[in-house]
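These notes are about the structure you will find just below.
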């Protein structure tokens, strides 16, 4: 016979005003609704024992379509490709252990290419974590250097807040992957939760506003340059700054060469387009940049496939670098005029100065 005490054993609630509270739901269903609230329409996931509850919850969703890959790695790459093609955050799903580790190559690809990705992994029940349970893997530890942030959900009450945070972190600043690990017993646990959550993470505040002073310095260098060139990459795409780049190039008459991640930001038949540079790029683009007296780098990381020997790259040029990620500035090349911030905002400011 089920008593009230036993029926409430697996029920968790959080304090909130009655109007915001939902009916008791399983963790899996809370997760699905939280994903729906973030606008997720497609998830690429391969099922397994530790993630089966989530898959069961997804079968009840009328807003999210599940796409079944033949391998978890394919799912992670498909999610990354979806993000590139649509501009939305890609989501992939895998079980614990080998399922989770199979996502790693797609996760590191998203990190290197600054692609917003959410990787959701099932995990063994929290009651047996640390016991080397069947298919238990420390996926958070394994992916620590590969993601912007990672979460282990330990209570159903945390799910809406964590999903909201994960999506915010993945898409803002320099986009990238975020991992969410959820033990099987948390997927099964019932709770009454509040979905009315707002992002509040004081320690995460990426600077988007470029320095006006640095932009003025850059404008002065541009006006005095005789052979300037724009070297643009994936940061332009991430920022949605293609239109601003083309307007800036047209106003200044400065030619543009791109990385492979920047292909498409300026039409290849544009008179100012030098197409792609680097090892696999156009010869004339490489000749042009190495004869430039000013290189304006926008949303690029001076990859070795572009620069070759760093000591020989653009030896007689000054460098302006605009990047949202402060760790990219001065990483490979000593920069004369660094501008840290959103490249779209920086281009708008520069456009007014030149």
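Numbering (the numbering used here), first residue to last: 3 to 356.
Just so it is clear, CB atoms sit at the ideal spot from N, CA and C, and this is done for glycine as well.
All values reported here derive from a predicted model rather than from experimental measurement.
Item to complete: From the DSSP output, in three-state form, read off residue 243 for me.
Response: In the structure shown, residue 243 adopts coil according to DSSP, grouped into three states.
Practice prompt. Sort 80, 211 and 54 by Cα distance to residue 126 and report the nearest one.
Written response: 54
Worksheet entry | Cβ-based neighbour list, residue 244, same chain, cut-off 8 Å, excluding 5 preceding and 5 following | 238, 266, 267 and 268
Item to complete: Could you tell me which uninterrupted beta strand (DSSP E) segments, each at least 3 residues in length, are contained entirely in the segment 160 to 213, listed from first to last along the chain?
Response: Listed in chain order, they are 179 to 185 and 192 to 194.
Fill in: residue 94 classed as buried or exposed, judged by whether at least 16 other C-beta atoms fall within 10 angstroms
buried
Item to complete: Could you tell me whether the segment 65 to 79 touches the segment 131 to 145, where touching means 3 or more Cβ pairs closer than 8 Å?
Response: Inter-segment contact for the segment 65 to 79 and the segment 131 to 145 is absent: fewer than three beta-carbon pairs are separated by less than 8 Å.
Discussion item. Run through the DSSP bridge pairs and tell me what residue 28 is partnered with.
Written reply: BP columns for residue 28 point to 192.
Worksheet item: Is it right to say residue 31 is buried, meaning 16 or more other beta carbons lie within 10 angstroms of its own, or is it exposed?
Response: buried
Worksheet item: Whose C-alpha, out of 26, 84 and 221, is nearest the C-alpha of residue 351?
Response: 221
Fill in: Segment limits, beta strand (DSSP E) that includes residue 262
Premise fails: residue 262 is in no beta strand (DSSP E) and is neither H nor E.
Worksheet item: Which of the three DSSP states, helix, strand or coil, is assigned to residue 233?
Response: strand
Discussion item. Along the chain, where does the beta strand (DSSP E) containing residue 340 start, and where does it finish?
Written reply: 339 to 342
Fill in: Contact under 9 Å by Cβ, residue 142 with residue 29
no
Worksheet item: Just checking my contact of residue 182 with residue 171 at CB under 8 Å: how many whole Å lie between their CB atoms?
Response: The pair is not a contact, with the Cβ atoms about 11 Å apart (cut-off 8 Å).
Fill in: CB-CB length for residue 161 against residue 33, believed under 8 Å
5 Å
Practice prompt. May I have the straight-line CA-CA distance separating residue 212 from residue 328, to the nearest angstrom?
Written response: 11 Å
Worksheet entry | C-alpha distance - residue 145 paired with residue 195, whole-angstrom precision | 29 Å
Practice prompt. List the endpoints of the continuous alpha helix (DSSP H) containing residue 109.
Written response: Residue 109 -> alpha helix (DSSP H) spans 106 to 114.
Worksheet item: How about residue 291 and residue 259: do their beta carbons lie closer than 9 Å?
Response: yes
Fill in: Rounded separation between residue 11 and residue 64 - CA only
The predicted model places residue 11 with a pLDDT of 43, which falls under 50 and marks its position as unreliable; any figure quoted below should be read in that light. Whole-angstrom Cα-Cα distance: 30 Å.
Worksheet item: Which same chain residues, not among the five before or five after residue 284, have their C-beta less than 7 Å away from its C-beta?
Response: Contacts found: 276, 277 and 278.
Worksheet item: With a CB to CB cut of under 6 Å and the five nearest residues on each side skipped, what residues in its chain are close to residue 185?
Response: 125, 127 and 128
Worksheet item: Which class does residue 154 belong to by DSSP, given the choice of helix, strand or coil?
Response: strand
Fill in: Rounded straight-line distance, which links the Cα of residue 264 to that of residue 101
Roughly 32 Å separates the two Cα atoms.
Worksheet item: Within this structure, are the beta carbons of residue 51 and residue 98 separated by less than 9 Å?
Response: yes
Discussion item. Below 8 Å on the Cβ atoms is my contact criterion, and I expect residue 82 with residue 111 to pass it. Report the Cβ-Cβ distance as a whole number of Å.
Written reply: 6 Å
Discussion item. Cutting at 8 Å between CB atoms, please list the residues of its own chain near residue 109, excluding the five before and the five after it.
Written reply: 78, 119, 121, 145, 148, 149, 179 and 181
Worksheet item: If you count every other CB in all the chains shown that lies within 10 Å of the CB of residue 9, and 16 or more means buried, which is it?
Response: For residue 9, the pLDDT reaches just 43, beneath the cut-off of 50, and the residue's location in the model is therefore unreliable, although a value from the coordinates is still provided. Using a 10 angstroms sphere on the CB of residue 9, the tally of other CB atoms stays under 16, which defines it as exposed.
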